[in-house]
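These protein sequence lines map, in sequence, to chains E and X. For what it's worth, the UniProt record's numbering labels the leading residue of the first sequence as 1, then goes sequentially. For what it's worth, the UniProt record's numbering labels the leading residue of the second sequence as 1, then goes sequentially. Quick notes on the structure that follows.
2 protein chains.
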Amino acid sequence: MRVVVNGLGEMGASLALAIKNSRDDAEIIGVDRNLDALNKAKKIDLVVDTSSDLKSVVADADVIILATPIRAIIATLHDLLDLTLKPGVLIMDTGSTKDQVMQAAQPLIKKGIAFVGGHAMAGTQRAGIDAVDGHLYDQVPYFLVSDDQDAVYRAKELLNGIGVHIIRVEAQQHDLMMAYLSDLPHVVAATLVNSTTQTLTDYPELPNYAAGGFKDTTRIGAADPQMWTDILMTNHDATLESLESFQSSLNRVIEALKANDATTIYDFFDHSKQLRQKF
Amino acid sequence: MRVVVNGLGEMGASLALAIKNSRDDAEIIGVDRNLDALNKAKKIDLVVDTSSDLKSVVADADVIILATPIRAIIATLHDLLDLTLKPGVLIMDTGSTKDQVMQAAQPLIKKGIAFVGGHAMAGTQRAGIDAVDGHLYDQVPYFLVSDDQDAVYRAKELLNGIGVHIIRVEAQQHDLMMAYLSDLPHVVAATLVNSTTQTLTDYPELPNYAAGGFKDTTRIGAADPQMWTDILMTNHDATLESLESFQSSLNRVIEALKANDATTIYDFFDHSKQLRQKF
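Listed below in structure tokens is the structure:
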């Protein structure tokens with residue numbers, strides 16, 4: 001089974017390695033614009049072949065996994081329309097928002113090509129093929145989005161071997177859940193960091209006094225700016241909904257503090273304490 | 001040296017233990033409303049004596065450390081005015097906001113009593129004497145607030161033995177730094193948790209999909225509601241300033257997202273990534 005993986009970053013390379021390790025018949029073909037990544041992939045024996053051009057290797061692929069940043073996934077889904085693909089090819093992606101990806105995949109799906117949107121709740125602060133980890137996907141939730149039962153069956157068959165927990169969802173449900181669990185926390189963490197700008201100018205020693213609370217809450221404020229800009233732009237409506245919900249909730253706390261309303265502030269913290277225990 | 005510690009919670013009991021371990025002449029007298037805490041303090045040999053009533057043990061104290069919740073510290077500072085204290089007694093507190101404490105201490109200071117406000121950047125999610133840890137203060141920043149050089153000298157002498165890094169600050173500078181490093185992150189974490197309320201009702205499986213980003217960012221959303229209500233109410237102005245600064249910053253992101261302005265969103269994340277590396 002020839003598996004073309006387009007994008008040998010942390011997610012793509014780790015998925016390729018997990019698939020390679022889980023089945024004897026898997027031959028990985030690695031595609032990346034970055035030649036260093038391709039050389040590294042050869043060096044660690046991840047791939048049987050590499051290319052810097054997806055077009056040149058798709059014709060005999062049994063599976064094509066799109067693991068680039070999300071805007072490139074969307075562009076590639078359009079490019080694939082004009083290429084000759086092997087009959088029965090299964091195309092999947094790893095993008096962290098799904099509604100726009102599924103819309104971009106519609107023309108391929110209408111041509112009868114099997115496409116399954118995918119998103120694993122995995123990944124670290126590291127990036128690139130140097131972060132490759134064959135166990136990155138162990139036991140993680142892995143969302144699949146598709147109305148095509150046969151395609152989902154084949155995707156499950158491929159992914160079951162790597163030990164993920166598969167969950168089928170609708171694209172919009174997926175994106176709303178991710179807005180609250182991931183996009184909103186990233187925006188909030190970055191806003192927290194940025195709101196120290198003036199105080200940091202006034203008191204340059206401020207970082208010496210940051211304890212675990214600040215550090216944990218802002219850790220993802222150091223995430224990759226381009227990746228998170230792309231995620232926000234491609235999960236636009238759900239993220240905006242979550243941001244506005246957060247903003248209303250915050251405004252209520254600010255009003256309560258202005259009014260010296262300790263009861264409302266207590267209830268606010270108490271509700272959070274109860275709810276946080278579910279996570 | 002008789003050291004009365006009022007409030008045998010995590011901070012007070014751990015400070016008492018660190019002082020006891022650091023000098024042979026220290027005799028700790030533990031005061032708490034909670035009889036279980038007093039029994040535990042005896043059982044672990046932390047104290048030479050205990051009382052549930054501060055008034056009954058202050059007369060021969062060389063040092064009095066107020067380690068209760070902050071509103072109780074303020075009330076106690078008023079109560080102490082009417083009691084007979086040993087000449088030369090040093091009074092300290094451990095409250096996490098300092099401006100209101102220093103104001104409450106003014107009448108004592110005017111009577112010539114040595115008072116030094118204190119706040120250590122230590123503490124865990126645990127609470128009560130069961131969380132006692134003689135190493136809780138190792139290498140942590142410890143703020144001291146006082147204009148009384150002699151009192152500060154004596155407080156330093158007591159605290160140097162427990163291995164803290166002493167920093168002298170003005171009360172208002174301390175409180176503003178804490179607003180950004182601690183109070184604002186706590187409000188934001190709790191707001192993040194609370195803003196999932198509706199989504200959690202719609203999709204009860206939501207917590208299964210929370211990854212490290214959400215968990216880290218919201219960890220302190222499970223903090224003690226009463227303690228944080230007190231901190232917000234006693235660090236009112238600085239917290240409000242930090243909340244309004246955060247709110248403005250967040251509004252700019254929301255407007256940029258509404259306008260599909262990817263450049264502003266990229267700059268926002270990029271600024272945060274740069275700034276976060278200082279912490």
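By construction, the Cβ of each residue, glycine as well, lies at the ideal position given by its N, Cα and C atoms. Source: prediction; values computed, not measured.
Looking at the C-beta of residue i, does it have a partner C-beta in chain X at a distance below 8 Å?
{"i": "E/Met177", "result": "yes"}
{"i": "E/Pro69", "result": "no"}
{"i": "E/Val193", "result": "yes"}
{"i": "E/Asp216", "result": "yes"}
{"i": "E/Leu144", "result": "no"}
{"i": "E/Thr239", "result": "yes"}
{"i": "E/Met11", "result": "no"}
{"i": "E/Lys258", "result": "yes"}
{"i": "E/Val253", "result": "yes"}
{"i": "E/Asn6", "result": "no"}
Can you give the Cα-Cα distance for residue i and residue j, rounded to whole angstroms?
{"i": "E/Pro87", "j": "E/Phe115", "result": "13 Å"}
{"i": "E/Ile70", "j": "E/Asp230", "result": "7 Å"}
{"i": "E/Gln103", "j": "E/Thr217", "result": "34 Å"}
{"i": "X/Met11", "j": "E/Met92", "result": "53 Å"}
{"i": "E/Leu243", "j": "X/Arg154", "result": "50 Å"}
{"i": "X/Leu250", "j": "E/Thr191", "result": "6 Å"}
{"i": "X/Ala210", "j": "E/Tyr137", "result": "15 Å"}
{"i": "E/Phe269", "j": "E/Ala262", "result": "11 Å"}
{"i": "X/Pro207", "j": "E/Val89", "result": "35 Å"}
Would you say residue i faces chain E, with C-beta separation under 8 Å as the test?
{"i": "X/Gly213", "result": "yes"}
{"i": "X/Val63", "result": "no"}
{"i": "X/Arg126", "result": "no"}
{"i": "X/Leu15", "result": "no"}
{"i": "X/Ala189", "result": "yes"}
{"i": "X/Lys273", "result": "yes"}
{"i": "X/Arg276", "result": "yes"}
{"i": "X/Pro107", "result": "no"}
{"i": "X/Tyr137", "result": "no"}
{"i": "X/Asp270", "result": "yes"}
{"i": "X/Gln247", "result": "yes"}
If you run the structure through DSSP and keep just helix, strand and coil, what is residue i?
{"i": "X/Phe279", "result": "coil"}
{"i": "E/Gly212", "result": "helix"}
{"i": "E/Asp36", "result": "helix"}
{"i": "X/Gly117", "result": "strand"}
{"i": "E/Gly12", "result": "helix"}
{"i": "X/Thr191", "result": "helix"}
{"i": "E/Glu27", "result": "strand"}
{"i": "X/His135", "result": "coil"}
{"i": "X/Thr50", "result": "strand"}
{"i": "X/Met92", "result": "strand"}
Could you tell me how far apart the beta carbons of residue i and residue j are, in whole angstroms, since I believe they sit closer than 8 Å?
{"i": "E/Gln247", "j": "X/Ile254", "result": "7 Å"}
{"i": "E/Ser52", "j": "E/Leu66", "result": "No, E/Ser52 and E/Leu66 are not in contact; Cβ-Cβ is about 16 Å, not under 8 Å."}
{"i": "E/Leu54", "j": "E/Thr76", "result": "7 Å"}
{"i": "E/Ile162", "j": "E/Ile19", "result": "6 Å"}
{"i": "X/Val3", "j": "X/Val63", "result": "5 Å"}
Going by C-alpha distance, which of the options is nearest residue i?
{"i": "X/Met1", "options": "X/Gly12, X/Ala16, X/Gly212", "result": "X/Ala16"}
{"i": "X/Asp118", "options": "X/Ile129, X/Gly128, X/Val101, X/Leu108", "result": "Note that residue 118 of chain X corresponds to Gly in the displayed sequence, not to Asp. Checked all of X/Ile129, X/Gly128, X/Val101, X/Leu108; the closest Cα to X/Gly118 is X/Val101."}
{"i": "E/Ala26", "options": "E/Arg33, E/Leu66, E/Leu240, E/Ala61", "result": "E/Ala61"}
{"i": "E/Ala120", "options": "E/Asp175, E/Ile113, E/Pro225, E/Leu80", "result": "E/Asp175"}
{"i": "X/Leu144", "options": "X/Leu232, X/Ala131, X/Val164, X/Gly128", "result": "X/Val164"}
{"i": "X/Leu46", "options": "X/Ser14, X/Ser146, X/Thr264, X/Thr234", "result": "X/Ser14"}
{"i": "X/Asn194", "options": "E/Gln198, E/Asp237, E/Tyr180, E/Pro141", "result": "E/Tyr180"}
{"i": "E/Ile74", "options": "E/Thr199, E/Asn6, E/Gln139", "result": "E/Asn6"}
{"i": "E/Val188", "options": "E/Tyr203, E/Ala223, E/Arg168", "result": "E/Ala223"}
{"i": "E/Gly134", "options": "E/Lys258, E/Leu8, E/Ser56, E/Leu184", "result": "E/Leu8"}
{"i": "E/Phe279", "options": "X/Gln226, X/Pro225, X/Trp228, X/Gly221", "result": "X/Gly221"}
Could you tell me if the beta carbon of residue i falls within a distance shorter than 7 Å of some heavy atom in the ligand GDP?
{"i": "X/Val253", "result": "Among the ligands in the structure shown, none appear at all, so the ligand GDP cannot be discussed."}
Next item on the list: Check each residue of the region 151-169 of chain E: if its Cβ is closer than 7 Å to any Cβ of chain B, include it; give the result in chain order.
Entry: No chain B is present in this structure, whose protein chains are E and X.
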